[in-house]
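I have placed the structure first, in the form of structure tokens, so that the comments after it can refer back to it.
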Amino acid sequence: MSLPAEVPAETSALVEARDLTRILPAVVPVTLVKDVSFRIGRSEFVAITGPSGSGKSSLLYLLGLLDRPTSGQVFIGGARTDDLSPAEMAHMRLEKLGFVFQFHFLLPEFTTLENVMIPMQKLGKLSAGDQLDHATALLADLGLEDFLHRRPAQLSGGQRQRVAVARALANSPDLILADEPTGSLDSVATEQVFDSLRKIVETQKTTVVAVTHDMDLAARMERRIHLVDGRIDWDRQQG
Amino acid sequence: MMLLLRIAATHIRNRMRQTVVSVLGVALGVGFSVAMAGLMEGSQRDFTTTLIDAIPHVEIVDEQRAPAEQPASTAYDAVAYFGLRPKEDLRGIRNPTEALAALRDWVQGKLAQRLSGQAVLRYSGQDIGMTLMGVDPKRELSVSKIREDMREGSFEDLGTTANGLVIGDKATERLGADVGDTVTLTSASGVAKRFKIVGLFHTGITTSDESLAYAPLKAVQILLEKPNVINSIAIRLDTIAQANEVAARAERQLGYKAVSWEEANEGLMEAFFVRNVIMYTVVGAILVVAGFGIFNIVSTIVHEKARDIAILKSLGFPESDIQQIFVLEGLVIGILGAVAGSALGFGLSSYMATIRFEFTQDVEMTHLPIYFSWTHYIIACLLALFSSGIAGYIPARKAARLNPVDIIRGAT
């Protein structure tokens, strides 16, 4: 099962986990994720499911370089990430990854448009005018063209979550990681957010990995990785 | 950088009241330090100017720093002598013409020779002990500001009246004498001479006004039986800073003790130094307190904005950016405070400069001496920025180290 770290990852895999283990150090150490290995390619729509406490979110944080594994490795775009400095990890998050959390996590003092533009401004690849056009287009795609200058507090839960999706897409990442993106939404809003995520996979060839405990939603995704007690219970493609 | 500044500005804008209080804290620190520094330096300069105007920059007196060598010690080769009766030496600077000529060769400034001694002034049956100063009126006027202190008559009249006398107004008040009256001066050895009062001065220094009198040098030499002798040379330099140098050289050249104004007022200079140390300590304390205010507000923001910090980190902002945001917040408060404080300080100093005091008695109306200097503003602002930077840096470091996962997990 264990592969030496020196073996180069195949280029076909966008994300690869190799024997990922994350143990929280404590008096009684808590194992969050144990020996998890999988490969996810481009333009996949993957659900990570499992009962609460099964390590779904912890796995997502490891894939998103927000946390470092106790052992094992995460490869992103074929590159090792365990030897990156915190600043390099931050830059990889900025350039290649997008996050959507259960709670919208928008900056409350900034407007919808500004929230979407902040990652672009940080990356600085587009001119100011292009940033504005790109952010406007992203928000329009998600049906938010009428709310560009509202603050998060003036939006509904579903609208906020779609703004968060637009922000995750700001720098055209290869991979979007969503942690219970619909966890706090009603069924209509859930449907809107789910649709927007699916559209991203279909139109932008971006991979979306979403943690969810909504079995109905998980069943509608292409692939499902089911965790129990930090281990992969099963991992299968679905119709 | 602009983005970080915008985020920082947004944070402090949303805490307007606390921000205003912190800015005021810094502003008070900067304002008071500027005003105090202006007042301190102003009074120091004012005092020094008054002092320099009142006394010669260098005064050469007929004294030696060590007792004169006695003839016995030059004649015999002994370790120590006891019971020697010291040789009576005629005091005074002898050959004043030669000494003055030697000094004029290199000293850049004005010189005036003086002979001073004690005499008793008698008028209408009253006796007052006086310090009599024999001067060359023209030269004396070039080294002292006595002309400005003249109340009646003129100092120049000493040059035209061979037995003229310029005397303090307090003394004449006591005697009931006035300009034009003739008084008798008697020296310690019993020589008496009549002088005519040609002028009155008022310096504001009571001892001078009560018991100092100026007379022509020749007349005093006769009265004190010291023909062709002077006992001090006053020097007024073109460049005050050279005082110590000139004093040292004159002493080496003439062998008489030469005292610069700085040496004469050594204690005063030390007092000024101590005063400045105290001032900067107080100002520093104010700014430290202001720093605590900034520390408090930035810490609160870090605490409240933990979620924003997690968001920014997950978006890909490195730790250094997060740290910069909060250091910037401290600095923005510091800069606002420094600007407001400079304005406050300028206002305070300008106001203080207009305050006038009227002393009941002798001294004319005066006002607080304020010295305006960019250095005060720059020092105070730099100190304020330094303290606000530190005050922002400590919580900023904490913010940078926040683990986003902890916050995202804990979010509800």
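Residue numbers (this note's numbering), protein chains in the order written: chain A, 31 to 269; chain B, 156 to 567.
Ideal Cβ placement from N, Cα and C applies to all residues, glycine included.
Since we're looking at a predicted model, the values are computed, not measured.
### Query
Thinking C-alpha only, which one of A:125, A:139, A:256, A:179 is nearest residue 245 of chain A?
A:256
### Query
Of the residues A:105, A:49, A:72, A:74, which one's Cα is nearest the Cα of residue 63 of chain A?
A:49
### Query
To the nearest angstrom, how far is it from the Cα of residue 233 of chain A to the Cα of residue 72 of chain A?
12 angstroms
### Task
Can you give me the Cβ contacts of residue 226 of chain A inside the same chain, cut-off strictly under 7 angstroms, excluding the 5 residues immediately before and after it?
172, 192, 195
### Message
Does residue 526 of chain B come out as helix, strand or coil in the three-state DSSP assignment?
### Response
coil
#### Entry: Same chain, Cβ closer than 7 angstroms to residue 241 of chain B, five either side skipped, listed in chain order
225
### Task
Kindly list, in the order they appear in chain B, the residues whose Cβ is closer than 7 angstroms to that of residue 232 of chain A.
Those do not exist, as residue 232 of chain A stays about 25 angstroms from chain B at its closest Cβ, beyond 7 angstroms.
### Query
Rounded to the nearest angstrom, how far is the Cβ of residue 453 of chain B from that of residue 484 of chain B, given a contact under 8 angstroms?
5 angstroms
### Message
I'd like to know whether the C-beta of residue 96 of chain A is nearer than 8 angstroms to at least one C-beta of chain B.
### Response
yes
#### Entry: C-beta neighbour in chain A for residue 560 of chain B, strict 8 angstroms
yes
### Query
Mind checking whether the beta-carbon of residue 90 of chain A lies closer than 7 angstroms to any heavy atom of the ligand NAD?
Looking at this structure, you won't find the ligand NAD or any other ligand, since it has none at all.
### Query
Starting from residue 131 of chain A and walking both ways along the alpha helix (DSSP H), at which residues does that stretch end?
It is not in any alpha helix (DSSP H) - residue 131 of chain A carries neither H nor E in the DSSP assignment.
### Helix, strand or coil at residue 141 of chain B according to DSSP, with G and I counted as helix
One cannot answer for residue 141 of chain B here, as it falls past the ends of chain B, which runs 156 to 567.
### Within-8 angstroms CB hit, residue 474 of chain B to chain A
yes
### Task
Please work out which residues of its chain come closer than 7 angstroms, Cβ to Cβ, to residue 312 of chain B, disregarding the five sequence neighbours upstream and downstream, and give them in chain order.
319, 353, 354
### Query
Using the C-alpha atoms, what's the distance from residue 564 of chain B back to residue 118 of chain A?
23 angstroms
### Query
So, is the C-beta of residue 511 of chain B closer than 8 angstroms to a C-beta in chain A?
no
### Task
Could you give the DSSP three-state label for residue 381 of chain B: helix, strand or coil?
coil
### Contact set for residue 143 of chain A: own chain, Cβ-Cβ below 8 angstroms, skip 5 residues either direction
162, 165, 166, 169, 178, 179
### Query
By Cβ distance below 8 angstroms, which residues in the same chain neighbour residue 257 of chain B in space, the five residues on each side in sequence not counted?
408, 409
#### Entry: Cβ neighbours of residue 200 of chain B in the same chain (closer than 8 angstroms, five flanking residues each side left out)
524, 526
### Query
Taking Cβ positions only, does residue 174 of chain B come closer than 8 angstroms to chain A?
no
### Task
Please classify residue 262 of chain B: does DSSP put it in a helix, a strand, or coil?
coil
### Task
Tell me residue 256 of chain A's beta-bridge partners as DSSP assigns them.
A:79, A:264
### Query
Whose CA, out of B:450, B:369, B:437, B:188, lies closest to the CA of residue 316 of chain B?
B:369
### Query
Does any CB atom of chain A fall closer than 8 angstroms to the CB of residue 614 of chain B?
Residue coverage of chain B in this structure runs from 156 to 567, which leaves residue 614 of chain B outside it and unanswerable.
#### Entry: Beta-carbon spacing of residue 264 of chain B, residue 217 of chain B below 8 angstroms
no
### Beta-carbon gap between residue 275 of chain B and residue 289 of chain B smaller than 8 angstroms
no
### Query
Do you know how far the Cα of residue 310 of chain B is from the Cα of residue 213 of chain B?
22 angstroms
### Message
I'd like to know whether the C-beta atoms of residue 184 of chain B and residue 496 of chain B end up nearer to each other than 8 angstroms.
### Response
yes
### Message
List, from N- to C-terminal side, the beta strand (DSSP E) runs of 3 residues or more that fit wholly inside the region 281-320 of chain B.
### Response
281-290, 305-308
### Query
Which same chain residues, not among the five before or five after residue 334 of chain B, have their C-beta less than 6 angstroms away from its C-beta?
307, 308, 352
### Query
For chain B, is any of its Cβ atoms less than 8 angstroms away from the one on residue 253 of chain A?
no
### Query
What three-state label does DSSP hand residue 532 of chain B in the structure shown?
helix
### Query
Taking 8 angstroms as the CB-CB cut-off, is residue 53 of chain A touching chain B?
no
### Message
Rounded to the nearest angstrom, what separates residue 92 of chain A and residue 147 of chain A at their Cα positions?
### Response
26 angstroms
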